[in-house]
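Input: a single structure, listed below in structure tokens.
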Amino acid sequence: GAVVSQHPSWVICKSGTSVKIECRSLDFQATTMFWYRQFPKQSLMLMATSNEGSKATYEQGVEKDKFLINHASLTLSTLTVTSAHPEDSSFYICSARYGSSYNEQFFGPGTRLTVL
Amino acid sequence: GIQVEQSPPDLILQEGANSTLRCNFSDSVNNLQWFHQNPWGQLINLFYIPSGTKQNGRLSATTVATERYSLLYISSSQTTDSGVYFCAVRGRETSGSRLTFGEGTQLTVNP
């Protein structure tokens, strides 16, 4: 199957700092990438969808100025959590797909963010 | 939007037992995937199965699209099968590009 990587795997930061998470599709071109958030013992919640070269589409209730998404190439998307606060602590997972919505979607290993 | 219900929410098995996990969805779909989330959080693709039946080793899945459900079968379970199993669908008429996830089934396989 296709491989999606994320970096870093975990990050601890102080309140008020910004954190950047990278998501890469290693062996396919990701025309669409997705960012999810998962709280303990809960399901995945979609934050935003991005197509290469276009602005991301954010889900209702997700602050676009807080969570900056850049999908600059067909193999790289980044999520920047700006001015992070303890309530932003969570498990962030990226996902990627090639082509239409009929196609299979693949997930990265996730990034655990802890904001002190 | 489309609703996805998984059952049971929790399942505890002895090693070697068989199990069936169910996923019901509220509308027509053009994509259905089953995932296993391991203890480290990685989602592993098990099946891409918007319709029909597939098998991969001890796992198999069946989706009956006309009746809006999918089943995941695990045979001869092993302790490494433990984790959360998610069903995710993409509605045919709505939902844009997004996959909608169910709440998952937490599977624990005891030695």
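Protein chains in written order, with the working numbering: chain P, 1 to 116; chain F, 1001 to 1111. Ideal Cβ positions, reconstructed from N, Cα and C, are used throughout, including at glycine. Because the structure is a prediction, the values reported are computed rather than measured.
Would a check of beta-carbon distances place residue 1090 of chain F closer than 7 Å to chain P? Numbered from 1 along the second sequence, position 90 holds the residue referred to as residue 1090 of chain F. It does: the Cβ of residue 1090 of chain F has a partner Cβ on chain P nearer than 7 Å.
Helix or strand or just coil, what does DSSP make of residue 1103 of chain F? As a first step, residue 1103 of chain F must be located in the second sequence, where it is residue number 103. Here residue 1103 of chain F sits in coil by DSSP.
In chain P, which residues lie with their C-beta within 8 Å of the C-beta of residue 1024 of chain F? As a first step, residue 1024 of chain F must be located in the second sequence, where it is residue number 24. Neighbours of residue 1024 of chain F on chain P: none; closest Cβ ~15 Å, over 8 Å.
For a test of the three-state rule: what should DSSP assign to residue 1027 of chain F, helix, strand or coil? Taking the second sequence and counting its residues from 1, the one referred to as residue 1027 of chain F is at position 27. DSSP places residue 1027 of chain F in coil when its eight states are reduced to three.
Going along chain F in order, which residues have a C-beta closer than 9 Å to the C-beta of residue 31 of chain P? One-based indexing of the first sequence puts residue 31 of chain P at position 31. Within 9 Å Cβ-Cβ: nothing; residue 31 of chain P doesn't reach chain F, min ~10 Å.
Express the C-alpha separation of residue 1050 of chain F and residue 1066 of chain F in angstroms, rounding to a whole number. Here residue 1066 of chain F is taken as the residue at index 66 of the second sequence, counted from 1. Here residue 1050 of chain F is taken as the residue at index 50 of the second sequence, counted from 1. Cα-Cα distance, rounded: 11 Å.
Quick one: which chain F residues come within Cβ less than 8 Å of residue 93 of chain P? Looking up residue 93 of chain P in the first sequence gives position 93. Simply 1041 and 1043.
Kindly indicate which residue of P:32, P:53 and P:3 has the alpha-carbon position closest to the one of residue 99 of chain P. The residue labelled residue 99 of chain P in the question sits at position 99 within the first sequence. Nearest of P:32, P:53 and P:3 to residue 99 of chain P, Cα basis: P:32.
Considering residue 114 of chain P, what are the terminal residues of the beta strand (DSSP E) in which it resides? One-based indexing of the first sequence puts residue 114 of chain P at position 114. Residue 114 of chain P -> beta strand (DSSP E) spans 111–115.
Can you list the residues of chain F that residue 105 of chain P reaches, using a CB-CB cut of under 7 Å? The residue given as residue 105 of chain P occupies position 105 in the first sequence. The answer, in chain order, is 1033 and 1099.
Closer than 7 Å to chain P by CB, residue 1048 of chain F: Locating residue 1048 of chain F in the second sequence gives position 48, counting from the first residue. Yes, residue 1048 of chain F counts as interfacial toward chain P.
Taking 7 Å as the threshold (beta carbon to beta carbon), is residue 1083 of chain F in contact with chain P? One-based indexing of the second sequence puts residue 1083 of chain F at position 83. It does not: the Cβ of residue 1083 of chain F has no partner Cβ on chain P nearer than 7 Å.
Identify the contact partners of residue 46 of chain P in chain F, using a Cβ-Cβ distance below 9 Å as the criterion. By one-based count along the first sequence, residue 46 of chain P stands at place 46. Residues of chain F passing the Cβ test: 1098, 1099, 1100 and 1101.
With a threshold of 7 Å between beta carbons, is residue 1104 of chain F in contact with chain P? Reading the second sequence from its first residue, position 104 is the one you call residue 1104 of chain F. Taking Cβ atoms only, chain P reaches closer than 7 Å to residue 1104 of chain F, which makes this a yes.
On a Cα-Cα basis, can you pick out the residue from P:104, P:36, P:87 and P:44 that is closest to residue 28 of chain P? Sequence index remark: in the first sequence, residue 28 of chain P carries index 28 (1-based). Answer by Cα proximity: P:104.
Check whether the Cβ atoms of residue 84 of chain P and residue 23 of chain P lie closer than 7 Å to each other. The residue labelled residue 84 of chain P in the question sits at position 84 within the first sequence. The residue labelled residue 23 of chain P in the question sits at position 23 within the first sequence. Cβ distance not < 7 Å, so residue 84 of chain P and residue 23 of chain P don't count as in contact.
Chain F within 7 Å of residue 101 of chain P, Cβ atoms only: Here residue 101 of chain P refers to the residue found at position 101 of the first sequence. At least one chain F Cβ lies under 7 Å of residue 101 of chain P.
Out of F:1068, F:1043, F:1040 and F:1036, state which residue places its alpha-carbon closest to the alpha-carbon of residue 1059 of chain F. Taking the second sequence and counting its residues from 1, one reaches residue 1059 of chain F at position 59. Among F:1068, F:1043, F:1040 and F:1036, the Cα nearest to that of residue 1059 of chain F is on F:1036.
How would you label residue 48 of chain P, buried or exposed, when you count the other beta carbons within 10 angstroms and need 16 or more for buried? Along the first sequence, one-based indexing puts residue 48 of chain P at 48. Counting Cβ neighbours within 10 Å, residue 48 of chain P comes out buried, since at least 16 surround it.
Run through DSSP, which three-state label would residue 1067 of chain F get? If you number the second sequence from 1, residue 1067 of chain F lands on position 67. Of the three classes helix, strand and coil, the one that applies to residue 1067 of chain F here is helix, per DSSP.
I'd like the ranges of any beta strand (DSSP E) spanning at least 3 consecutive residues and lying wholly in the segment 26–104 of chain P. 32–38, 44–51, 67–73, 76–81 and 90–97
Partners in chain F for residue 43 of chain P, counting only beta-carbon separations shorter than 8 Å: Sequence index remark: in the first sequence, residue 43 of chain P carries index 43 (1-based). Result: 1086, 1101, 1102, 1103 and 1104.
Could you pull out every residue in the same chain whose Cβ sits closer than 8 Å to the Cβ of residue 1009 of chain F, ignoring the five residues on either side in sequence? As a position in the second sequence, residue 1009 of chain F is number 9, starting the count at 1. Result list for residue 1009 of chain F: 1103, 1104, 1105 and 1106, in chain order.
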